[in-house]
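Participant:
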Amino acid sequence: MTPSDLLSILPLLVLVVWACALLLVDLWLKRKGVTAFLAALGLALTAGLALAQAGEETTAFGGMVALDGFASFLNVLFPLSGLLGIAVAYGYLKRMNIERGEYYSLLLFSTAGMMLMAHAADLVVVFLALEFLSLPLYVLAAFARPRLDSEEAGLKYFLLGAFASAFVIYGIALIYGATGTTSLSGIVAAIEAGSLGTSGLLLTIGAALFLVGFGFKVAAVPFHMWTPDVYHGAPTPVTAFMAVGAKAAGFAALLRVFVTAFPALDADLTPVVWVLAALTMFVGNVVAIAQTNIKRMLAYSSIAHAGYILMAFVAFGNPATRADAVASALFYLVTYALTSYGAWAAVIALEKQDPSAGSGQAASGLEINDFAGLGRRRPALAAAMTVFMLSLTGMPPTLGLVGKFYLFRTVIEAGQVWLAVIGVLTSLISAYYYLRVVVVMYMREGAPETTREPWLDFTWAVSALATVILSFLPMALFAWASAAGVMGF
Amino acid sequence: MLLSETAISPLFSLAPLIVFLPVLGLLLNIIFGGRMGEKAIGWLASVASGLTFVVSSLLAYGLWAAHGETVVVPFADWITIGSLHIPWNFRVDTLSVTMMLAVSGVGTLIHIYAIGYMHEDVRFKNDPKRFRRFFVFLNLFIAMMMILVSGDSYLMLFVGWEGVGLCSFLLIGFWYDMDTLGRPSWANSNAAKKAFITNRIGDFGFLLAALTMFWAFGSVQFGEVFGKAEEIAAAQPAVIIAITLFMLIGVTGKSAQIPLYVWLPDAMAGPTPVSALIHAATMVTAGVYLVARSWPLYTLAPDAQYIVAMVGAVTALFAATIAVGQYDIKKVLAYSTISQLGFMVAAVGMGAFVAGMFHLVTHAFFKALLFLSAGSVILGLERGHHHLAHHKGHEEHEGKHEEVFDPGDMRNMGGLRKRMPVTFWLYIIGTLALAGIFPFAGFWSKDEILLDAAKLHPEIFIILTTAAFFTAFYMGRQIWMVFFGEPRHEAAAHAEESPKIITVPLMVLAGLSVLGGALNLPGVHTLGHWLEHTIELAEHELHLPAWLEISWGGLNPVVALVSTLLALLAIYISWLIYGRKPLTAGQKDPLKKPLGFIFTGMENKWFVDEGYWAVFVNRYVDIARFLADVVDWRFWHDWFHDKVIAGTYVWLSHIALNRYADQKGIDAFFNGLGDLTKRLSAFLRRLQNGFVRSYALAVMLGVIVIVGYLLMK
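Note that the protein sequences, when read in sequence, are chains R and F.
For reference, each letter of the first sequence is one residue, going 159 to 647 in our numbering.
For reference, each letter of the second sequence is one residue, going 15 to 727 in our numbering.
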């Protein structure tokens, strides 16, 4: 371990140290606002350091971690997503009487895990990062204890997460067995040496199990079933953070490993990914129609979007479109992060705890019908929500359209026209339930009670503006995502 | 004509300031003007314009120090498309600097004058908020005019050309929603439109010239075009003639020559400072400048030159006759401007570029003086009128309709000599200069044009001399009608002299109108030698009659005497008609009876507007109506759309999509699809039973399917 090793993961180190310190400092802090501020400061510092690292290309710790365009891109995205996670949570935690300082430390730890995932160039590190980011999330999901649905969500998430982790570790074991190494560059070398023989099948199955494990993390059908329950039960800010951060981290692992280590398994795995993507888009969008609860609807929407991003993976083995696949997936992740945070912020603004109900009761104000009359009561919020719904559908003038366009273009260039057709058709289906929210907001009478909190308002306002404005100026973002599509090890 | 890039004095790097100082001024006024008083707004604009004059003077000094060598100051890249490369350069040569000095000098004085004038005007019209807008436009005009004169290519010149056209439009229509008395009316905006549209026709000619130039020369840069001019003229003489004649169309638009002059008299709808600055002193001379600037092209096309000269000479005479029959003080000056522009165009057309430019500069002085003095007169009458209305009290005021009073109508004036003595003397100086009386500025410049005309084209000399006679006559008529005799209206009887802010700039202009001739005295030819650095004319051997060979230190006594005596004679005749026995209120013009239909023609501007209306405007409206009503509405909409397309569609739908096929077939299909999706959704939802074991089972099943697939393959 040399100083340059440490330097290459400096933002991550800073964040971990900061989170540890915050955990201690918080003990002496009466006002949790200070904790929130310190946590945000740490994330901002981390994002700044990560930004300063952009453009560097190196490996460290004996090839265990990589610092490249891909890692830099995500290492800016993750802390920023963490920042929004704090912004939407601060007022919410107070309002729901669950204001505890650990929230911020846990969020910081999870973010650090995600960043480690972006760096990972070795399967062991991938697994380490997976657990590092997941464990704080399990706790966060149950953060609204003693609310039953929150505790249930935490437990479910933990059990199923452990189940999925087992598949990951089993897959890694098979891959190690087949190639004798866990380093991504070593795996490529072993495959290229062509001496695998029958253990080639082991490698393929190992890769498939790896795919299953992370398919769980990103909520791909049929490994998605935890998602609605956990998203529904977890405190809404945690759901928002999970939907964006955990999904992005899962895709980071899949992108890194599949694009750098497994292109040779293209012929075997592409059909699997194809079917997973198609199923995910289809089931996610179709089941979302039947939802009456906005959190569950957004959970299915999150599943469906995992399907869209999975589409990019069908191109992972094709050298011509590989870079585009990574770039369009990253671009879509940014799109989804912005839109999703905005939509969740709107949900948080409407959510309330019924004071007469016991503290174990679930929060109310989360039915889609509760949005009735929002257009009149809070025109700006309703307009922002409309933007998010349009963006999730993929309609102009929103970033969602641009993101979908890049994805579909990549898929078509990779020769998978039918998958693109399925993508477009399921987008059409999704318009049904997204636009229903808009219809309810503007065309139904109602008097929704909403909360005005500066940071919450900031989140949805900025997300809405960014979603619209960036849709007219997507080139800089896309150029950056394209630069991130070039991976070292 | 060489670019002495090596010897560029640092002074020349100031050149872009001539555009950006007024732009800065107008920006400051836009941003902060709302919180500034009128004085501050006006002075800010005036200082911006004044600094432009200072920079122009520095450039002139730099040029003088550099012995008049042309300097091109590169500023920015503008257009680069393939081989076409048009930068935005500032061309500093003796010609452009002369224009810069005239524009910014006269412009600054008019800015200052306008502080006083607009202060009263906006109050008279009850809209003080427009004060700031006026100065923003005025600064914009200065900036655009500077772009025009400093441009190094025909395209850059065109940018300024269009820019000043826009400012002209904005300022003619400054009181776009009211007439001179502040009553609701669209007359001013119609005048603005007329000016703009008429100028578009001229601009079209300019564009054709520029495009032809680009086609033939591959460039629109002055340097390249003039460099290749002789070569092209030898190979394709028609091209040069085409370019110069197309350019002439542009000139007739901007400089108000036959046949496009009709917009200028209407342009007097703008506030008087605008009439003085844009429609007398500067913008309308852009056409003269254009011809002078293009001298290398015009000198290669003598036929085109002759046409230009003829257009100018005929315009000079024609407009002068109309001026005789006008009653509005500003209209007289407007036709006088057209006439004087005709002198200039005739001069530059004949190749007497120096004489033309000389007259341009002196005319800027005395015509600005005359317009601004006329403005002072109008303000004086408005004050008198206001004073009157104030004193008459209310009961009388409310009882009868307010009498329509036109403060610009000379028939309402008379005797103002006593009420407005300063303005009177200023007006006299302007008049003498315009009439060409020795030793006022106009004498020297007009005399030079007449002398050149006598030498080059005797017929043009005769026409111009006649025009000069008329000039002196209508100016005499104006003086007698406005300032002598008895007041023909109570407003005139109560007129008041204008304040210092108005009269002081006029005194400066009056000084220039007296002394301006010194710029280019015969024999000394200061301006001539100055412009020689830019306009290098070959000396022609002319066979002149003996009387033209006489030279008293460069002054030809015959031409000078003839023109001066004619002018004096004209003034004397005007005294006989209008001065000896002044008009009384309501009396018809004494010329009307003896001249009969000729005077009616003069009065009605020879019915040119009516003719244009009958020949062009009404035909245009007819065509438009035909297209809109017959072609678009009746044929396209009523018949094709409604009958053919919609009818066929309805017919087809009756046959093919009857009720049965539509409702049972298509509707059922789509409703069924929607139902199916909903049912599927409900079914899949039921799988979501909340038990972790079921979820884990789903994962397991997924794994089995995937691994099974991979094993079976």
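C-beta: ideal position from N, C-alpha, C; glycine also.
Since the model is a prediction, treat every value here as computed from it, not as a measurement.
Considering R/Leu651, what are the terminal residues of the beta strand (DSSP E) in which it resides?
Facilitator: Because chain R in this structure spans residues 159 to 647, residue 651 of chain R falls outside the shown range and cannot be described.
Participant: Let me see if you follow: with CB-CB separation under 8 Å, is R/Arg421 close to chain F or not?
Facilitator: Numbered from 1 along the first sequence, position 263 holds the residue referred to as residue 421 of chain R. One point to set straight first is that residue 421 of chain R is Pro, not Arg, in the sequence displayed. With 8 Å as the cut-off, R/Pro421 does not count as an interface residue toward chain F.
Participant: Comparing alpha-carbon positions, which option in F/Val69, F/Pro287, F/Leu73 and F/Leu221 lies nearest F/Val155?
Facilitator: Walking along the second sequence from the start, residue 155 of chain F turns up at place 141. Strictly speaking, residue 155 of chain F in this sequence is Phe, with Val absent from that position. Of the candidates F/Val69, F/Pro287, F/Leu73 and F/Leu221, the one whose C-alpha sits nearest the C-alpha of F/Phe155 is F/Pro287.
Participant: Could you check how far apart the C-beta atoms of R/Trp613 and R/Ala245 are, in whole angstroms? I think they sit under 8 Å.
Facilitator: Looking up residue 613 of chain R in the first sequence gives position 455. Looking up residue 245 of chain R in the first sequence gives position 87. About 4 Å separates the two Cβ atoms, so the contact holds.
Participant: Taking CB distances under 8 Å as the criterion, tell me whether F/Leu687 reaches chain R.
Facilitator: Working through the second sequence from its first residue, we reach residue 687 of chain F at position 673. No, because no Cβ of chain R sits closer than 8 Å to the Cβ of F/Leu687.
Participant: In this structure, does DSSP put F/Val418 in helix, strand or coil?
Facilitator: Locating residue 418 of chain F in the second sequence gives position 404, where the first residue counts as 1. Here F/Val418 sits in coil by DSSP.
Participant: For R/Thr584, which residues in the same chain have their Cβ closer than 6 Å to its Cβ, ignoring the five residues on either side in sequence?
Facilitator: Working through the first sequence from its first residue, we reach residue 584 of chain R at position 426. Once the five neighbours on either side are set aside, the close Cβ partners of R/Thr584 are Met439, Phe440 and Asn443.
Participant: Among F/Arg147, F/Leu314, F/Ala382 and F/Arg397, which has the Cα closest to the Cα of F/Gly365?
Facilitator: Counting from 1 along the second sequence, the entry for residue 365 of chain F is found at position 351. Cα-wise, what sits closest to F/Gly365 is F/Leu314.
Participant: Find the residues of chain R that neighbour F/Gly716, judging by a C-beta separation of less than 7 Å, and give them in chain order.
Facilitator: Here residue 716 of chain F refers to the residue found at position 702 when the second sequence is read from its first residue. Within 7 Å Cβ-Cβ: Val370, Pro380 and Phe381.
Participant: Going by DSSP, what residues sit across from F/Trp102 in a beta bridge?
Facilitator: Here residue 102 of chain F corresponds to residue number 88 of the second sequence, with the count starting at 1. For F/Trp102, which the question treats as bridged, DSSP gives the partners F/Ala90.
Participant: Among R/Asn255, R/His382 and R/Thr428, which has the Cα closest to the Cα of R/Thr362?
Facilitator: Translated into positions along the first sequence, residue 362 of chain R becomes position 204. R/Thr362 has its Cα closest to that of R/Thr428, out of R/Asn255, R/His382 and R/Thr428.
Participant: Name the DSSP beta bridge partners of R/Asn451, please?
Facilitator: In the first sequence, counting from the first residue as 1, residue 451 of chain R sits at position 293. DSSP lists R/Glu525 as partners of R/Asn451.
Participant: For R/Leu164, which of helix, strand or coil comes out of DSSP?
Facilitator: Taking the first sequence and counting its residues from 1, the one referred to as residue 164 of chain R is at position 6. Reduced to three states, the DSSP call for R/Leu164 is helix.
Participant: Just to make sure I have the definition right: I need the residues of chain R whose C-beta is within less than 9 Å of the C-beta of F/Gly704. Which are they?
Facilitator: Translated into the one-based positions of the second sequence, residue 704 of chain F becomes position 690. Result: Glu310, Lys314 and Asp387.
Participant: Can you confirm whether R/Thr450, when its beta carbon is compared against all beta carbons of chain F, has any partner nearer than 8 Å?
Facilitator: Mapped onto the first sequence, residue 450 of chain R falls at position 292. Cβ-Cβ to chain F under 8 Å: no for R/Thr450.
Participant: Run the proximity test for F/His557: is its beta-carbon closer than 7 Å to any non-hydrogen atom belonging to the ligand MG?
Facilitator: Among the components modelled here there is no ligand, and therefore nothing to report on the ligand MG.
Participant: Using the three-state DSSP reduction, which class does R/Pro555 fall into: helix, strand or coil?
Facilitator: Counted from its first residue, the first sequence places residue 555 of chain R at position 397. R/Pro555: coil per DSSP, three-state reduction.
Participant: For the putative contact between R/Ala212 and R/Ser230, defined by C-beta atoms under 8 Å, what is the C-beta separation to the nearest angstrom?
Facilitator: Along the first sequence, read from residue 1 onward, the residue named residue 212 of chain R stands at position 54. Along the first sequence, read from residue 1 onward, the residue named residue 230 of chain R stands at position 72. 4 Å between Cβ atoms; contact.
Participant: Check whether chain F comes within 8 Å of R/Ala366, counting only Cβ atoms and requiring the distance to be less than that.
Facilitator: If you number the first sequence from 1, residue 366 of chain R lands on position 208. Yes, R/Ala366 counts as interfacial toward chain F.
Participant: Cα separation between R/Ala674 and R/Ser166?
Facilitator: Outside the displayed span of chain R (159 to 647) sits residue 674 of chain R, for which this structure offers no information.
Participant: Since F/Leu724 meets chain R, which of its residues come closer than 7 Å, beta carbon to beta carbon?
Facilitator: Residue numbering aside, residue 724 of chain F sits at position 710 when the second sequence is read from its first letter. Chain R residues near F/Leu724: Thr362, Ile363, Ala366 and Asp426.
Participant: Are the C-beta of R/Arg602 and some C-beta of chain F separated by less than 8 Å?
Facilitator: Reading the first sequence from its first residue, position 444 is the one you call residue 602 of chain R. Taking Cβ atoms only, chain F never reaches closer than 8 Å to R/Arg602, which makes this a no.
Participant: Quick check: is the beta carbon of R/Phe471 nearer than 8 Å to any beta carbon in chain F?
Facilitator: Looking up residue 471 of chain R in the first sequence gives position 313. It does not: the Cβ of R/Phe471 has no partner Cβ on chain F nearer than 8 Å.
Participant: Would you mind reading off the limits of the beta strand (DSSP E) that contains R/Thr217?
Facilitator: As a position in the first sequence, residue 217 of chain R is number 59, starting the count at 1. Counting along the chain, the beta strand (DSSP E) containing R/Thr217 begins and ends at Thr216 to Ala218.
Participant: Going residue by residue through the segment 252-307 of chain R, where are the continuous alpha helix (DSSP H) segments of at least 4 residues, counting only ones entirely within it?
Facilitator: Complete alpha helix (DSSP H) runs here, min 4: 260-277 and 281-299.
Participant: Let me know the secondary structure DSSP gives F/Ile95 once reduced to three states.
Facilitator: Locating residue 95 of chain F in the second sequence gives position 81, counting from the first residue. In this structure, F/Ile95 counts as strand in the three-state DSSP scheme.
Participant: So, is the C-beta of R/Lys570 closer than 8 Å to a C-beta in chain F?
Facilitator: Counting from one through the first sequence, the residue named residue 570 of chain R turns up at place 412. In the sequence as displayed, the identity of residue 570 of chain R is Ile instead of Lys. Not closer than 8 Å to any Cβ of chain F, the Cβ of R/Ile570 fails to qualify, so no.
Participant: Confirm, please, whether the CB-CB distance from R/Lys314 to R/Tyr389 is below 8 Å.
Facilitator: Here the question's residue 389 of chain R lines up with position 231 in the first sequence. Here the question's residue 314 of chain R lines up with position 156 in the first sequence. No, the Cβ-Cβ distance between R/Tyr389 and R/Lys314 is not below 8 Å.
Participant: For the alpha helix (DSSP H) that contains F/Ser167, what are its first and last residues?
Facilitator: Counting from one through the second sequence, the residue named residue 167 of chain F turns up at place 153. First-last for F/Ser167: undefined, no H or E at that position.
Participant: Below 7 Å between beta carbons is the criterion; list the residues of the segment 204-237 of chain R that meet it against any residue of chain F, in chain order.
Facilitator: Flagged: no residues at all.
Participant: Would you say R/Phe474 lies against chain F (beta-carbon separation less than 8 Å)?
Facilitator: The count along the first sequence starts at 1 and reaches residue 474 of chain R at position 316. It does not: the Cβ of R/Phe474 has no partner Cβ on chain F nearer than 8 Å.
Participant: With a threshold of 8 Å on Cβ separation, who are the neighbours of R/Asp424 within its own chain once the five nearest residues in sequence on each side are excluded?
Facilitator: Counting from one through the first sequence, the residue named residue 424 of chain R turns up at place 266. Closer than 8 Å at Cβ, skipping near neighbours: Phe474, Gly475 and Asn476.
Participant: At what residues does the alpha helix (DSSP H) containing F/Gln492 begin and finish?
Facilitator: The residue you call residue 492 of chain F lines up with position 478 of the second sequence. Note, F/Gln492: alpha helix (DSSP H), Pro472 to Phe497.
Participant: In three-state terms, what does DSSP make of F/Ile720?
Facilitator: For the purposes of this step, residue 720 of chain F is taken as the residue at position 706 of the second sequence. If DSSP states are grouped into helix, strand and coil, F/Ile720 belongs with the helices.
Participant: Let me check understanding here. Comparing Cα to Cα, which of F/Tyr303, F/Ala638, F/Tyr634 and F/Ala378 lies closest to F/Ala290?
Facilitator: Here residue 290 of chain F is taken as the residue at index 276 of the second sequence, counted from 1. The residue with the shortest Cα to Cα distance from F/Ala290 is F/Ala378.
Participant: Go ahead and label F/His408 buried or exposed: buried means 16 or more other beta carbons lie within 10 angstroms of its beta carbon, across all protein chains shown.
Facilitator: Taking the second sequence and counting its residues from 1, one reaches residue 408 of chain F at position 394. Here F/His408 scores only 47 on pLDDT, less than 50, and its place in the model is too uncertain to base an answer on.
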